[in-house]
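Worksheet: the structure to be examined is printed underneath.
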Amino acid sequence: MLYDKHGAIDYCEQGKGPTIVFVPGSWATRSAWGNILEALDNRFRTVTTSLPGYGGTRESRMPANCSIDRSSETVEAVIRRAGGPVHLVGHSYGALVCLDLALCGLMPLMSLTLIEPVAFGLLRQAGEFSLHEQFATMRDDCVRSFEAGERDAARQIVDYLDGPGRFAALPPCLREQIITKTPTHILDMRSGFDPKTELLRNILLPTRVVRGERTSPALRKCADILSRALANASLHTIGGAGHFMTATHAAELAEHVSDHVMKTESLAWADLSFVSPFGIPFRNST
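Residue numbers for the sequence shown follow the UniProt record's numbering, beginning at 1 and rising by one.
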């Protein structure tokens, strides 16, 4: 556990080697990465946390002020505690937080691994108006249902992200966890993070975008648009995986994270003739 001006923040680290900071998505806590960390088998120094309102991280946002900035500040505090440079891995909403940090350019980052980023604003920018409208309608219906007192309003989001009937198929304890955290998730959805495509081109970090084969068409398209918008990104699809692949395809994700981190480390230290403003060496392409 660590503390910043807003209060307590979940913090746990283990292992040795290159530092990887894992950022979970909505509804999840740092424990969501447990199976992936097990598959990594202490080959890296891994740091896990929870975003505001989840796990032991204090919620300091309000409906009138729920910018993604607060979530980014949480991860900034974690990175400062861990000590840079770090590799950032984010899932879902956590992937948006990682993108925001990379855009700000204030943290000593080595690479990004973005798993199923919920960057729905990119759909509108890319002219995918039908897909964007489907998402916006579902989101607004979910919020209205919740405000009208429908306890399992989050069912609409889960089924949209991972397929019809997914919410009903979840274990009762997990359904209850999602229901309990619906107010927090609504703050996530209202965070207003919608970067312009041209700004994303300024992110030069080696980036791996990972999507699931059976996730929603909108999310698959988001991953495609994002991977093409970033200057140094590759797109990878995990067969048979849906949006919640951190729980169902941990071994495959661990392999992606390990491969991306090791390739980045190899390139970064192969040629020390160019050093970033943070003192991080990068391969000189000239």
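Built from N, CA and C at the ideal position, the CB exists for glycine as well.
- For residue 22, the three-state secondary structure derived from DSSP is strand.
- Secondary structure note for residue 8: its beta strand (DSSP E) is the uninterrupted segment 7 to 9.
- Take the alpha-carbon of residue 135 and the one of residue 13: they are about 36 Å apart.
- DSSP places residue 66 outside both helix and strand once states are collapsed to three, so it counts as coil.
- Ranking 124, 154, 243, 235 by CA distance to the CA of residue 215 puts 243 first.
- Judged by DSSP secondary structure, residue 124 falls within the alpha helix (DSSP H) whose first and last residues are 121 to 125.
- Between the region 85 to 95 and the region 243 to 262 there are three or more C-beta pairs closer than 8 Å, enough to call the two in contact.
- Residue pairing for residue 113: DSSP places it in a beta bridge opposite 89, 208.
- In the structure shown, residue 176 falls within a helical segment according to DSSP collapsed to helix, strand and coil.
- Under the DSSP assignment, residue 225 falls in the alpha helix (DSSP H) whose first and last residues are 217 to 229.
- For residue 121 and residue 41, the gap between their C-alpha atoms comes out near 36 Å.
- Residue 45 sits in a strand when the DSSP states are folded into three classes.
- A Cβ-Cβ contact shorter than 7 Å links residue 21 with residue 47.
- In the DSSP annotation of this structure, the continuous segment of the beta strand (DSSP E) that includes residue 236 starts and ends at 233 to 238.
- Taking a cut-off of 8 Å for Cβ pairs, the region 176 to 185 and the region 200 to 217 do not touch, as fewer than three such pairs fall below it.
- For residue 13, the enclosing beta strand (DSSP E) begins and ends at 12 to 14.
- In this structure, the CA atom of residue 30 is about 25 Å from the CA atom of residue 239.
- Nearest to residue 68 by alpha-carbon distance, out of 185, 223, 217, is 185.
- Excluding sequence positions up to five before and after residue 160, its CB lies within less than 7 Å of the CB of 138, 216, all in the same chain and listed in chain order.
- Residue 236 has its alpha-carbon roughly 12 Å from the corresponding atom of residue 221.
- When secondary structure is reduced to three states using DSSP, residue 188 falls in the helix class.
- In the structure shown, residue 51 adopts coil according to DSSP, grouped into three states.
- Closest in C-alpha terms to residue 226, from the list 204, 253, 246, 197, comes 197.
- In chain order, 43, 44, 45 place their CB closer than 7 Å to the CB of residue 17, counting only its own chain and leaving out the 5 sequence neighbours on each side.
- By the neighbour-count definition (other C-beta atoms within 10 Å, threshold 16), residue 169 is an exposed residue.
- DSSP places residue 194 outside any alpha helix (DSSP H), giving it a letter other than H or E.
- Going by C-alpha positions, residue 232 is about 35 Å away from residue 154.
- For residue 259, the three-state secondary structure derived from DSSP is helix.
- Secondary structure of residue 267 (DSSP, three-state): helix.
- In terms of Cβ geometry, residue 250 and residue 102 do not form a close pair [threshold 7 Å].
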